[in-house]
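Reading through the structure tokens given below for one structure.
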Amino acid sequence: MQDHPPFEIIDGDLSLGLVILADHATNLLPARYGRLGLPESAFERHIAYDIGVEGVVRGLNRRLNAPVVMSRFSRLLIDPNRGEDDPTLVMRISDGAIVPGNHPITPEEWQYRLDTYHRPYHDAVSSTIAAVAEKTGKAPLVLSMHSFTPAWKGVARPWQVTVLWDNDHRAVRPLLAALEAPGDVVVGDNEPYDGALRGDTMFRHCMKPGIAHALIEIRQDEIGDAPGIARWVDRLAPIFARLNADESLHTYEIFPSRTGPY
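Going by this note's numbering, the first residue of the sequence shown is number 13, and it counts up by one from there.
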């Protein structure tokens, strides 16, 4: 029996036209998996979830009243921000940590995790986007929240917030401009990762159907406590509201992906 559902939908006003996602919101694992053979400390690290993001999306929901869909399982179990055919869907090694519960993994267990966790989460994303589109008669704006580590392999990352994207620039350009305007944070454009990832959440739910979107990454030391989370909710909420008020971001337009043809 499952300990908890694989996703949580936080209700909001569908008529706003905005959907907020959090693929890696929690570090939860069903009891049947124990800790996947890892020490408890592993589940406080970025390898298990996006630190701080759950607090940010809950805060944005309270401020904006936009619906939120977030995962309720650790990315160590199966990564909802990967396509079903991605070899990193179930990680055997993550940032130097060997995951004994993921290697070896039988085809039956792989399929079970897809059917029980990965697919229900994406079904929830699809149904929420569809509900917003039906309510408004327009394309929703989809904003996905993630966080990244302050350093990688001993090299500090200077950006405090970044925007990842593929080829659909519609929401990205005004979002980057709004983040940069105050001049008090270092903003990255497709840093520290490239936003073109075939089969990921944005590819699947936004690029293919032509929905305007952006993936926002906040450095984890910025949102590692309640005051930091509150500061970023204060910063992002009015930016998201202004973006969402732009009617040009509520149309369907398909852009070619840098990952290749659909």
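We treat Cβ as the ideally placed atom computed from N, Cα and C, and that holds for glycine.
Legend entry - Where the beta strand (DSSP E) containing leucine 83 begins and where it ends: For the sequence presented, residue 83 should be read as serine rather than leucine. Per DSSP, serine 83 belongs to the beta strand (DSSP E) from 80-83.
Inset, instruction - Whole angstroms is fine: what's the gap from histidine 217's alpha carbon to aspartate 180's? - result: Taking C-alpha positions only, histidine 217 is separated from aspartate 180 by approximately 13 Å.
Legend entry - methionine 13 to histidine 134 span [Cα, whole Å]: With a pLDDT of only 40 at methionine 13, under 50, the local geometry of the prediction cannot be trusted, and the value read off the model is given with reservation. One C-alpha to the other measures close to 21 Å.
Inset, instruction - With a floor of 4 residues, list each alpha helix (DSSP H) that falls wholly inside the segment 40-85, ordered by position along the chain. - result: Those alpha helix (DSSP H) runs which fall completely within the segment 40-85 and span 4+ residues are 65-76.
Inset, instruction - Starting from the N-terminal side, write out each stretch of the alpha helix (DSSP H) that is 4 residues or longer and does not extend beyond the segment 147-215. - result: Whole alpha helix (DSSP H) segments, 4+ residues: 184-192.
Legend entry - Cβ contact check for the segment 123-140 and the segment 165-176: 3 or more pairs under 8 Å: Short answer: they don't touch.
Inset, instruction - Determine the contact status of aspartate 35 and histidine 158, defining contact as a CB-CB distance below 8 Å. - result: Going by beta carbons, aspartate 35 and histidine 158 fall inside the 8 Å limit.
Inset, instruction - Would you tell me roughly how many angstroms separate the C-alpha atoms of proline 99 and threonine 148, rounded to the nearest one? - result: Taking the straight line from one Cα to the other gives about 37 Å.
Inset, instruction - Mind the definition here: the segment 48-66 touches the segment 92-111 only if three or more C-beta pairs lie below 8 Å; say whether that holds. - result: With the cut-off at 8 Å, the segment 48-66 and the segment 92-111 touch.
Legend entry - Unbroken beta strand (DSSP E) run spanning isoleucine 241, endpoints: Note, isoleucine 241: premise wrong, no beta strand (DSSP E); alpha helix (DSSP H) at 238-256.
Inset, instruction - Could you say which of Ala183, Thr213 and Gln172 lies nearest to aspartate 196 if we only look at CA atoms? - result: Minimum Cα distance to aspartate 196 is reached at Gln172.
Legend entry - Rounded straight-line distance, which links the Cα of tyrosine 264 to that of arginine 270: Arginine 270 and tyrosine 264: Cα-Cα distance of roughly 19 Å.
Legend entry - Anticipated Cβ contact below 8 Å, valine 31 with proline 186, distance rounded: No, valine 31 and proline 186 are not in contact; Cβ-Cβ is about 18 Å, not under 8 Å.
Inset, instruction - Note the first and the last residue of the continuous alpha helix (DSSP H) segment covering glutamate 121. - result: 119-125 is the span of the alpha helix (DSSP H), which, as asked, contains glutamate 121.
Legend entry - Residue(s) in a DSSP beta bridge with arginine 231: Per DSSP, Phe160.
Legend entry - Extent of the continuous beta strand (DSSP E) to which glutamate 20 belongs: 19-22 is the extent of the beta strand (DSSP E) around glutamate 20.
Inset, instruction - Count the other C-beta atoms from every protein chain shown that fall within 10 angstroms of the C-beta of threonine 118, then say buried if there are 16 or more, exposed otherwise. - result: So threonine 118 counts as exposed.
Legend entry - Sequence-distant residues of the same chain with beta carbon closer than 8 Å to valine 199, five excluded per side: Answer for valine 199: Trp171, Gln172, Val173, Thr174, Val175, Leu188, Leu191 and Glu192, listed in chain order.
Legend entry - Alpha carbon of isoleucine 1 to alpha carbon of threonine 161, nearest angstrom: In this structure the chain extends from 13 to 274, so residue 1 is not present and cannot be described.
Legend entry - Beta carbon of aspartate 178 nearer than 8 Å to that of phenylalanine 215: In contact: aspartate 178 and phenylalanine 215 (Cβ atoms closer than 8 Å).
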